[in-house]
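Its first residue numbered 480, the sequence shown is counted upward by one per residue in this note's numbering. A short write-up of the structure that comes next.
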Amino acid sequence: MADATGPPQRPIAFTTSTPPSFPSFPLLPTEIRLSIWTLSLLPRALELHSPRAHYANPHNTSAAPHSLGPPPFQSRCYNPAALSTSLEARTAALEIYTIALPLASETHHRPPSDQRRVLYIAPDRDTVVLLGYEPAIKVTRLVGWFRDHLLAQAGASECTAASAVTGLRSIGVSAAQFANSQGAQMLKFIGRDVFHDVDQFTLVIGPMPGCGTEQKPPEWWDGGRCLLHEFEGEGKGEGGEEAEKYRGFQAGVGRQFRERDKWMVVGRNRMRIASVYFENGW
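Structure below.
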C-alpha cells in the first residue's frame, strides 16, 4: 500500500515499445465509438475536504443553512480525461457524469475565473469520500444537494421514480465523525435520515487505530487518483501496517459498530471498512 506520508514508490520500467494506438478509431461507426468511450469511464473514489477554517476565509459564510448551493468543499481529484479529449468523448462522458459539484478554491488569492472549478461525479458508480471531521449538518446538506439535484434531473428527463437515482449510490465517511462511545448510535440516527438510499456506506479509518482520516490529502499529493483499500476478512493472521490498523480499529472504537459479528447496516446494506490513500497522476 502507498505510504500516506510520502509519494508512493514504484519500480522504474524501461521499454522501447511504441505506445499503443488505434488510428482507425475515427472510422468506426458512431455507436461503437460512443460505446467505447462509455466503457472507458471506470468507477472512481473522489475525496472531498473542507477549506481551512479561518475567520477571514470567505467560504465560511457560504456554509450557512439558508444557502441554496452545496456546502463548501475542496478536492484535488482530477476530472475524467474524456471530458477534455474531444467533443464526442465529452458528450458521452456527460451522459455518465451528471453532477457538477462546485468546489471552493484551495488558494483564495486567485482571480474569480480560477475559482469556478467543478468536480464531475457519476452518482451511480463513483464513491465520494469525506475526509476528516465534518459537522453532521454539513454532511446532511451535501447529500441533500445531491439528492435534490438528481431528482430534478429525473423529473426533467421524465424518468420513473423506480429507475431514478435519488442520491449517491456509494459514500465514504471518516471514522473521526464517530470516534466516541456514542458513535454507533449517532451513525444509526444519521444513517436513517441521511444515508437511507445509499447502496454502499464505507467507514474510512486513518493511520492510527480507531482514528479517522486526516483533514485533507497529504501535501505531496498534486492531484490524481484517490483509492480505497477495503478490509474484508483481514486482521487475524495477516501482518503489515494495513492489517495492524484494521485490528486496532476492531479491538477499539470499532467494536460498537458490530452486530452479531457483522458490521452494522447503514443505508441499504452492511457498511464496509476501508482506508484511503493517494497516487499522483492518472
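For each residue, glycine too, the CB sits at the ideal point set by N, CA and C. The structure presented is a predicted model; accordingly, all values stated were derived computationally and were not measured.
Q) Since leucine 520 contacts isoleucine 575 with CB under 8 Å, what's their CB separation in whole angstroms? A) The sequence position of residue 520 within the sequence shown is 41, counting from 1. The sequence position of residue 575 within the sequence shown is 96, counting from 1. Right, the Cβ-Cβ distance comes to about 5 Å (below 8 Å), so this counts as a contact.
Q) Using DSSP with H/G/I as helix, E/B as strand and the rest coil, what is phenylalanine 736? A) The residue you call residue 736 lines up with position 257 of the sequence shown. Note: phenylalanine 736 maps to helix in three-state DSSP.
Q: Please state if the CB of valine 745 and the CB of leucine 707 are separated by a distance shorter than 7 Å.
A: To locate residue 707, count along the sequence shown from 1; it is residue 228. To locate residue 745, count along the sequence shown from 1; it is residue 266. Not closer than 7 Å, so no.
Q) Among Leu525, Pro508, Pro505, Thr509, which has the Cα closest to the Cα of cysteine 705? A) By 1-based counting over the sequence shown, the position of residue 705 is 226. It is Leu525.
Q. Going by beta carbon distance, what residues of the same chain come within less than 7 Å of alanine 753, once the five residues before and after it are set aside?
A. By 1-based counting over the sequence shown, the position of residue 753 is 274. Result list for alanine 753: Gly651, Thr681, Val683, Leu707, His708, Glu709, Phe710, in chain order.
**Q.** Alpha-carbon spacing of isoleucine 669 relative to proline 614, whole angstroms
**A.** In the sequence shown, the residue the question calls residue 669 occupies position 190. In the sequence shown, the residue the question calls residue 614 occupies position 135. Rounded to the nearest angstrom, the two C-alpha atoms are 11 Å apart.
Q. What is the C-beta distance between tryptophan 516 and alanine 561, in whole angstroms, given that I count them as a contact (C-beta under 8 Å)?
A. Translated into positions along the sequence shown, residue 516 becomes position 37. Translated into positions along the sequence shown, residue 561 becomes position 82. With a Cβ gap of about 6 Å, tryptophan 516 and alanine 561 count as contacting.
Q: Check the DSSP bridge columns for alanine 579 and list the partner residues they point to.
A: Counting from 1 along the sequence shown, the entry for residue 579 is found at position 100. According to DSSP, alanine 579 bridges with Tyr599.
Q. Does DSSP put glutamate 526 in a helix, in a strand, or in coil?
A. Mapped onto the sequence shown, residue 526 falls at position 47. Of the three classes helix, strand and coil, the one that applies to glutamate 526 here is strand, per DSSP.
**Q.** Continuous alpha helix (DSSP H) stretch holding alanine 753: start and end
**A.** Locating residue 753 in the sequence shown gives position 274, counting from the first residue. That residue, alanine 753, is in no alpha helix (DSSP H); its beta strand (DSSP E) goes 751–759.
Q: Using only alpha-carbon positions, find the residue among Glu585, Arg737, Asp672 that is nearest to isoleucine 616.
A: Stepping through the sequence shown from its first residue, residue 616 is reached at position 137. The candidate whose alpha carbon is nearest that of isoleucine 616 is Asp672.
(Q) What residue range does the alpha helix (DSSP H) around glycine 670 cover? (A) Stepping through the sequence shown from its first residue, residue 670 is reached at position 191. Run containing glycine 670: 662–673, per the alpha helix (DSSP H) assignment.
**Q.** Assigned secondary structure, serine 500 (DSSP; H/G/I helix, E/B strand, else coil)
**A.** The residue labelled residue 500 in the question sits at position 21 within the sequence shown. Residue state, collapsed to three classes: coil.
Q. Between the beta-carbon of aspartate 676 and the beta-carbon of glycine 646, is there less than 7 Å?
A. The count along the sequence shown starts at 1 and reaches residue 676 at position 197. The count along the sequence shown starts at 1 and reaches residue 646 at position 167. Cβ atoms of aspartate 676 and glycine 646: closer than 7 Å.
Q: Compute the distance between the beta-carbons of proline 530 and proline 550, then report whether it is under 7 Å.
A: By one-based count along the sequence shown, residue 530 stands at place 51. By one-based count along the sequence shown, residue 550 stands at place 71. Cβ atoms of proline 530 and proline 550: not closer than 7 Å.
Q: On the DSSP bridge assignment, give the partners of lysine 695 in chain order.
A: Sequence index remark: in the sequence shown, residue 695 carries index 216 (1-based). DSSP, once it has assigned bridges, lists no residue as partnering lysine 695.
Q. Residues bridged to isoleucine 684 by DSSP?
A. For the purposes of this step, residue 684 is taken as residue 205 along the sequence shown, with counting starting at 1. Ser754, per the DSSP bridge assignment.
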